[in-house]
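Sequential numbering of the sequence shown, starting at 141, is according to the numbering used here.
Have a look at the structure below before the remarks.
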Amino acid sequence: MSEAKGCSPSSVLFEMQTGELLAFLLTLAVATVHAETGFLLHTQRIRDSPQWVEPEVEALVRSSFYAADPIVISIPRWQGNSSSPELSAVVSARLDQQASNVISVDLENATNEAEIVENVASFVSILTKNFDVPLERILLVGFAEGAHLAGEVAAQLHQDLGRQVPHITALDPPAGDLLEHQLSASDAEFVEVVHTNAGKMGTWERLGHVDYFPNGGETQPGCSGDSCSHERAFELLAEMWSSDNDFVSALCGSVETMSAESCRWSTLKMGQKAQGQPSGIYFLETHQSAPYARGAYYISFL
141 MSEAKGCSPS SVLFEMQTGE LLAFLLTLAV ATVHAETGFL LHTQRIRDSP QWVEPEVEAL
201 VRSSFYAADP IVISIPRWQG NSSSPELSAV VSARLDQQAS NVISVDLENA TNEAEIVENV
261 ASFVSILTKN FDVPLERILL VGFAEGAHLA GEVAAQLHQD LGRQVPHITA LDPPAGDLLE
321 HQLSASDAEF VEVVHTNAGK MGTWERLGHV DYFPNGGETQ PGCSGDSCSH ERAFELLAEM
381 WSSDNDFVSA LCGSVETMSA ESCRWSTLKM GQKAQGQPSG IYFLETHQSA PYARGAYYIS
441 FL
């Protein structure tokens, strides 16, 4: 059999290798696009070696994901990555208390708000539709811009599934004017917001059913800068989720009147979802280091 004119075996091989290389690079580029939002799974069984998981059924089946355990979806600040301290804080606070699937969302390479929301909402939809995970076992936690993204994910899930997400925990969200969606009480059945650097890196605006303002919400004890006060929001999580939670809070008429003397102490503790609790603005005091809780000092209960 004669060779094609002008084509030697070596040139044909080179063209094949070049074509395969281009196909590989194209596949890699496509994979990179789809991997802009990453998901890192943490459980008590793999606490020291978390697993990157793709939002697909087969990948979750092969992983250490256990559908019978509660699920926490943790969304960091804008372009936060797997090393961001807020993600580590959520993992530690949750896994110290109970067996759970904590899924940290990595946004290091993500730049499109709509795609982030779509990817996270699709992940949750897979859990509910393919693993029979009820929405009641899923908690969305967001820090800084991640709080607004959590609200947008919940709103998208409501549209997709026809049901509201039961619970969002929002940690010191900033003003929402930099994103398309601003967190609101309408995003979930229960939205709790912790404000620790209001007016600076966070906002004074009431965004949830209950808005907590530890130490008045602007500056936290022991902090000399805004970043410290901002990040105190997720440092309080371990005690918020503890059975020994002593973050007794007081219901206030407005942010302007927040103080231990002028607000009325209640039985509500920050981080606990109590039946029949009044919505509104809550004040509490903390120490400057862990354990942060101080309890109540003025006995004038609701």
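Every residue, glycine too, gets a C-beta built ideally from N, C-alpha and C.
Model, not experiment: these values are computed from the prediction.
DSSP places Cys-392 in the uninterrupted beta strand (DSSP E) bounded by 388-392.
Exclusion of the five residues before and after Ile-215 leaves Val-245, Gly-282, Gly-286, Leu-289, Ala-290 as the residues of its chain whose Cβ lies within less than 6 Å of its Cβ. Under the DSSP definition of a beta bridge, Pro-354 partners with Leu-424. Using a Cβ distance threshold of 8 Å, Met-398 and Tyr-352 do not count as a contacting pair. Asn-241 places its beta carbon 8 Å or farther from that of Pro-195. Counting along the chain, the unbroken beta strand (DSSP E) around Glu-329 starts and ends at 328-334. Here Asn-241 is bridged, per DSSP, to Ile-211. The shortest CA-to-CA distance from Glu-425 to any of Leu-227, Ala-254, Trp-405 is the one to Trp-405. In the three-state reduction of the DSSP assignment, Asp-246 falls in the strand class. The Cβ atoms of Glu-320 and Asn-337 do not sit closer than 8 Å to each other.
Counting only residues of its own chain and dropping the five nearest sequence neighbours on each side, Leu-377 has a CB closer than 7 Å to the CB of Ala-229, Val-230, Ala-233. In the structure shown, Thr-359 falls within a coil segment according to DSSP collapsed to helix, strand and coil. Here Phe-387 is not near Leu-311, since their CB atoms are 8 Å or more apart. Inclusion of Pro-306 and Leu-347 in the CB contact set at 8 Å is not warranted, their separation being larger than that value. The three-state secondary structure of Gln-299, taken from DSSP, is helix.
It is roughly 38 Å from the alpha-carbon of Ser-389 to the alpha-carbon of Asn-252. Taking the CA atoms as reference points, Leu-318 sits about 23 Å from Gly-365.
About 6 Å separates the Cβ atoms of Ser-204 and Arg-185, confirming a contact at the 8 Å cut-off.
Under the three-state reduction of DSSP, Phe-283 is assigned to strand.
Residue pairing by DSSP places Ile-278 opposite Ile-211 in a beta bridge. Counting along the chain, the unbroken beta strand (DSSP E) around Pro-306 starts and ends at 305-311.
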